[in-house]
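Chemist: Handing you this structure, nothing more for now.
There are 2 protein chains.
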Amino acid sequence: MSRFWSATVRALQPYVPGEQPKLPNLVKLNTNENPYGPSPLALEALRGEINDSLRLYPDPESTRLREAIAAFFGKLAPNQIFIGNGSDEVLAHAFLALLKHDLPILFPDITYSFYPVYCRLYDIEYQTVPLDDNFALRVADYSRPNGGIIFPNPNAPTGIALPLAGIEALLKANPDAVVIVDEAYIDFGGESAVALVNQYPNLLVVHTFSKSRSLAGLRVGFAVGHVDLIDALQRVKNSFNSYPLDRLASVGATAAIEDREWFERTRQAVIRTRTALTRDLESLGFEVLPSAANFVFARHPKHDAEKSALALRQRGIIVRHFKLPRIEQFLRITVGTDEQCAALVAALREILKA
Amino acid sequence: MSRFWSATVRALQPYVPGEQPKLPNLVKLNTNENPYGPSPLALEALRGEINDSLRLYPDPESTRLREAIAAFFGKLAPNQIFIGNGSDEVLAHAFLALLKHDLPILFPDITYSFYPVYCRLYDIEYQTVPLDDNFALRVADYSRPNGGIIFPNPNAPTGIALPLAGIEALLKANPDAVVIVDEAYIDFGGESAVALVNQYPNLLVVHTFSKSRSLAGLRVGFAVGHVDLIDALQRVKNSFNSYPLDRLASVGATAAIEDREWFERTRQAVIRTRTALTRDLESLGFEVLPSAANFVFARHPKHDAEKSALALRQRGIIVRHFKLPRIEQFLRITVGTDEQCAALVAALREILKA
Chain A
1 MSRFWSATVR ALQPYVPGEQ PKLPNLVKLN TNENPYGPSP LALEALRGEI NDSLRLYPDP
61 ESTRLREAIA AFFGKLAPNQ IFIGNGSDEV LAHAFLALLK HDLPILFPDI TYSFYPVYCR
121 LYDIEYQTVP LDDNFALRVA DYSRPNGGII FPNPNAPTGI ALPLAGIEAL LKANPDAVVI
181 VDEAYIDFGG ESAVALVNQY PNLLVVHTFS KSRSLAGLRV GFAVGHVDLI DALQRVKNSF
241 NSYPLDRLAS VGATAAIEDR EWFERTRQAV IRTRTALTRD LESLGFEVLP SAANFVFARH
301 PKHDAEKSAL ALRQRGIIVR HFKLPRIEQF LRITVGTDEQ CAALVAALRE ILKA
Chain B
355 MSRFWSATVR ALQPYVPGEQ PKLPNLVKLN TNENPYGPSP LALEALRGEI NDSLRLYPDP
415 ESTRLREAIA AFFGKLAPNQ IFIGNGSDEV LAHAFLALLK HDLPILFPDI TYSFYPVYCR
475 LYDIEYQTVP LDDNFALRVA DYSRPNGGII FPNPNAPTGI ALPLAGIEAL LKANPDAVVI
535 VDEAYIDFGG ESAVALVNQY PNLLVVHTFS KSRSLAGLRV GFAVGHVDLI DALQRVKNSF
595 NSYPLDRLAS VGATAAIEDR EWFERTRQAV IRTRTALTRD LESLGFEVLP SAANFVFARH
655 PKHDAEKSAL ALRQRGIIVR HFKLPRIEQF LRITVGTDEQ CAALVAALRE ILKA
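So, in structure tokens, the structure goes:
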């Protein structure tokens, strides 16, 4: 702490991202990266952009990428899309632009741990709403005065998806508040709320290129919603950093979203591996929550999660463990390749025997 | 405006960046890009990074890049360096972390027009301090109670540099306030205050890769200062977006700062062209402020600046004109290649004759 720090910076409790260790030969199943590489067409497009034009600023509005995203979903105009430097930046702007009101905002007690961090950054009051005993979101619990609602769907780190009917019920019950659905993991099994944005002016849906598009290394996220909500995000962005997306990220993301075949093939592969991994973990005695994401959330009735995570680590396998109420006995395991998941299961089998 | 907007977003007055037109064959002298391409070693390093590793998150701390920057300057440790997604993001975080106090902050009346925008975003009071009649910053005018001081050096859009002795006087006169020196253009002729960071714990120096490193398309900026100031920026960054720099930007910027030869050669070329351009503009009757940047700021005693900018535009040449008090008769002209500057001068000669 220093006398030069603002009161804001003194009060912050920064987010701690999953570890990015620089060790070779690691089975890295801790930050929900895609085990498959990005679309070969995206890599080709990136190669084509490595030239002297990098001396020039990018298009501050990422026009081509917005058009490509609108075309991917259909029935959307480019001005219903907001682009950011990863979905974390999109979420940050959304908290300040759309969730900072007099009433506290609501989000689940077990959820993406960045949400309370944003609240502290922007001085936003919040209340957490407990998930039910099976870790499902109960829509009825959100029918109280609030300044906005946000949750991931599928939820993180549980992987459990809320059906579209539940989201629609939330939107109808809260017509005066913005409802933000954070769909980082939606392409691995959930129903996207993008289908509802033209009917509900209070709905903002946030996506990322880091998971199903396999471009965590490029930092691209976006939001879809009514043009009034997108305008609010644009105003914040243009008061913060006019050029959030570099030329390479724009071009790579555009090619990635245009390659539907690669997207379909790789996400189906992840879904298949998840099914097998779930079955294998269950055969070892784990309880595995029903996942619609590219990770599973599992606990063993007889083995301590933190100890298991440590034992895995000693075998070169990294998973994520959250030392938090209600979920401290769970491991969050990214769905890797079949080989990586087999290595994980074999290691767990050894660890449980010991 | 929408009922969903926060009070913050309602009050914003977003920055308007220089135009990025998508026309071919334009002589684009409006956003101070480098006329030369980036280091060939940077392009090579970028090509080497286009592979499946893009599926993985980048190093959230940009460790390699910080080490390379520390090595470039010497006498600095990597933890005295903060990396951001362009220097605009670095500045934004610095306003919130280090300039938000009870007293108003100070900056020149004529300066980078993003500063008041940040103040509105973060609800920071400010007072502008008039430059003198020759558009120079008078250090004595900053000796009054303040919550911090920020200015570009060389100043934008004037191009006039404050000598290092002036900066040291400012630091000594304001030991309890953070002084931020925004050195976006320093490599084209000014004396960098990085030389002072180990002596003054209240000094933060901000740099960009967009100008002298010719990588505006990659979005990389950084700050150098005492570790306590850098820690404050890290806390904000980790409460906003843990991974601001993508894998490609990190690698490209690292290779660029390691290529000292390209850096020297291209910045000397820009300086030479600036000298010639200044002489040519003066021969047309322009008054040209003494520039230490990669642009010149010039006015003609008999010709209206806005009309001249429009006439240039009709000839496919874009320069920047600010419709602001004291400077509305100036044109800000980026130093391009010799050919681009010759085209500009020829066009102006025609326009002045007409």
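Just so you know, the protein sequences line up as chains A and B, in that order. Per this note's numbering, residue 1 is the first one in the first sequence, and the count goes up by one each step. Per this note's numbering, residue 355 is the first one in the second sequence, and the count goes up by one each step. Beta carbons: idealized from backbone N, C-alpha and C, even for Gly.
Of the residues that make up the stretch 84 to 109 of chain A, which ones have a beta carbon closer than 7 angstroms to any beta carbon in chain B?
Modeler: Listed by position, the residues of the stretch 84 to 109 of chain A near chain B (Cβ gap below 7 angstroms) are 85, 86, 88, 89, 92, 96, 97, 98, 100, 101.
Chemist: So, at 6 angstroms on beta carbons, what are the nonlocal neighbours of residue 218 (chain A) in its own chain, with the 5 sequence-adjacent residues on each side left out?
Modeler: Excluding sequence neighbours, residue 218 (chain A) sits near 249, 252.
Chemist: By Cβ distance, which residues of its chain are closer than 7 angstroms to residue 430 (chain B), with the 5 residues on each side in sequence left out?
Modeler: For residue 430 (chain B), where only same-chain residues beyond five positions count, the Cβ hits under 7 angstroms are 424, 578.
Chemist: With a threshold of 7 angstroms (Cβ to nearest heavy atom), would residue 299 (chain A) be considered close to the ligand ZN?
Modeler: The ligand ZN is not part of the structure shown, which contains no ligands of any sort.
Chemist: Indicate whether at least one CB of chain B lies closer than 8 angstroms to the CB of residue 336 (chain A).
Modeler: Chain B contact via Cβ: absent.
Chemist: If I measure Cβ to Cβ from residue 30 (chain A) and keep anything under 7 angstroms in the same chain, skipping five residues before and after, which residues do I get?
Modeler: Same-chain partners within the cutoff: 18, 19, 318, 319, 320, 334.
Chemist: On the DSSP bridge list, what partners appear for residue 535 (chain B)?
Modeler: According to DSSP, residue 535 (chain B) bridges with B:505, B:559.
Chemist: Whose C-beta lies closer than 6 angstroms to the C-beta of residue 444 (chain B) among residues of the same chain, with five residues either side of it excluded?
Modeler: Counting only Cβ-Cβ distances below 6 angstroms, and skipping sequence neighbours, we find 438, 560, 575, 577.
Chemist: Identify the contact partners of residue 358 (chain A) in chain B, using a Cβ-Cβ distance below 9 angstroms as the criterion.
Modeler: In the structure as shown, chain A begins at 1 and stops at 354. Residue 358 (chain A) is therefore absent and cannot be evaluated.
Chemist: Between residue 209 (chain A) and residue 701 (chain B), what straight-line distance do the alpha-carbon atoms span, to the nearest angstrom?
Modeler: About 46 angstroms.
Chemist: Given a threshold of 16 other Cβ atoms within 10 Å of its Cβ, counted over all protein chains shown, does residue 377 (chain B) qualify as buried or as exposed?
Modeler: When all chains shown are included, residue 377 (chain B) counts as exposed.
Chemist: Would you list, in chain order, the members of the stretch 379 to 394 of chain B that have their beta-carbon closer than 8 angstroms to a beta-carbon of chain C?
Modeler: In summary, chain C is missing from the structure at hand, where the protein chains are A and B.
Chemist: Does residue 225 (chain A) come out as helix, strand or coil in the three-state DSSP assignment?
Modeler: Reduced to three states, the DSSP call for residue 225 (chain A) is strand.
Chemist: Could you list the residues in the stretch 516 to 536 of chain B with a C-beta less than 9 angstroms from some C-beta on chain A, going in chain order?
Modeler: Listed by position along the chain: 530, 531, 532.
Chemist: Considering only DSSP beta bridges, list what residue 684 (chain B) is partnered with.
Modeler: B:653.
Chemist: CB-CB under 6 angstroms to residue 52 (chain A), same chain, minus the five flanking residues each way: which ones, in chain order?
Modeler: Here the set comprises nothing.
Chemist: What's the gap between the Cα of residue 322 (chain A) and the Cα of residue 280 (chain A)?
Modeler: Rounded to whole angstroms, residue 322 (chain A) to residue 280 (chain A) spans 22 angstroms at the Cα level.
Chemist: Say whether chain A places a C-beta atom closer than 8 angstroms to the C-beta of residue 363 (chain B).
Modeler: At least one chain A Cβ lies under 8 angstroms of residue 363 (chain B).
Chemist: Using a Cβ-Cβ cut-off of less than 7 angstroms, list which residues of the stretch 224 to 243 of chain A approach chain B; keep chain order.
Modeler: Correct list: 228, 229, 232, 235, 236, 238, 239, 240, 241, 242, 243.
Chemist: Could you work out which residues of chain A lie near residue 434 (chain B), taking near to mean beta carbons separated by less than 7 angstroms?
Modeler: Neighbours of residue 434 (chain B) on chain A: none; closest Cβ ~14 angstroms, over 7 angstroms.
Chemist: Candidates A:328, A:38, A:243: which alpha carbon is nearest residue 264 (chain A)'s?
Modeler: Ranking A:328, A:38, A:243 by Cα distance to residue 264 (chain A) puts A:38 first.
Chemist: Under 8 angstroms between C-beta atoms, does residue 670 (chain B) make it to chain A?
Modeler: For residue 670 (chain B), the answer is no, since every Cβ of chain A falls outside 8 angstroms of its Cβ.
Chemist: Strictly below 8 angstroms CB to CB, what residues from chain A border residue 413 (chain B)?
Modeler: In chain order: 20, 22.
Chemist: Would the beta-carbon of residue 659 (chain B) fall within 8 angstroms of that of residue 682 (chain B)?
Modeler: Their beta carbons are under 8 angstroms apart, which means residue 659 (chain B) touches residue 682 (chain B) by this criterion.
Chemist: Measure the alpha-carbon distance for residue 117 (chain A) versus residue 592 (chain B) and round it to whole angstroms.
Modeler: Their backbone Cα atoms lie some 9 angstroms apart in a straight line.
Chemist: Step through the CB atoms of chain B and report whether any lies within less than 8 angstroms of the CB of residue 112 (chain A).
Modeler: No, residue 112 (chain A) lies away from the interface with chain B (no Cβ there is under 8 angstroms from its Cβ).
Chemist: Look at residue 366 (chain B) and residue 475 (chain B) and say whether their C-beta atoms are less than 8 angstroms apart.
Modeler: Contact: yes.
Chemist: In whole angstroms, give me the CA-to-CA distance for residue 655 (chain B) and residue 537 (chain B).
Modeler: Their backbone Cα atoms lie some 30 angstroms apart in a straight line.
Chemist: Can you pull the chain B residues whose beta carbon is under 7 angstroms from the beta carbon of residue 15 (chain A), in chain order?
Modeler: Result: 592, 593, 596.
Chemist: Provide the residue(s) that pair with residue 320 (chain A) in DSSP beta bridges, ordered along the chain.
Modeler: BP columns for residue 320 (chain A) point to A:332.
Chemist: Report back the beta-carbon spacing between residue 153 (chain A) and residue 194 (chain A) to the nearest angstrom; my notes put them in contact at under 8 angstroms.
Modeler: Not quite, the Cβ-Cβ distance comes to about 11 angstroms (not below 8 angstroms), so this is no contact.
Chemist: Let me check one thing: in DSSP terms, what residues is residue 81 (chain A) bridge-paired to?
Modeler: Bridge partners of residue 81 (chain A): A:224.
Chemist: Give me, in chain order, the residues of the same chain whose beta-carbon lies closer than 6 angstroms to that of residue 414 (chain B); leave out the 5 immediate sequence neighbours on both sides.
Modeler: These residues qualify, in order along the chain: 596, 597.
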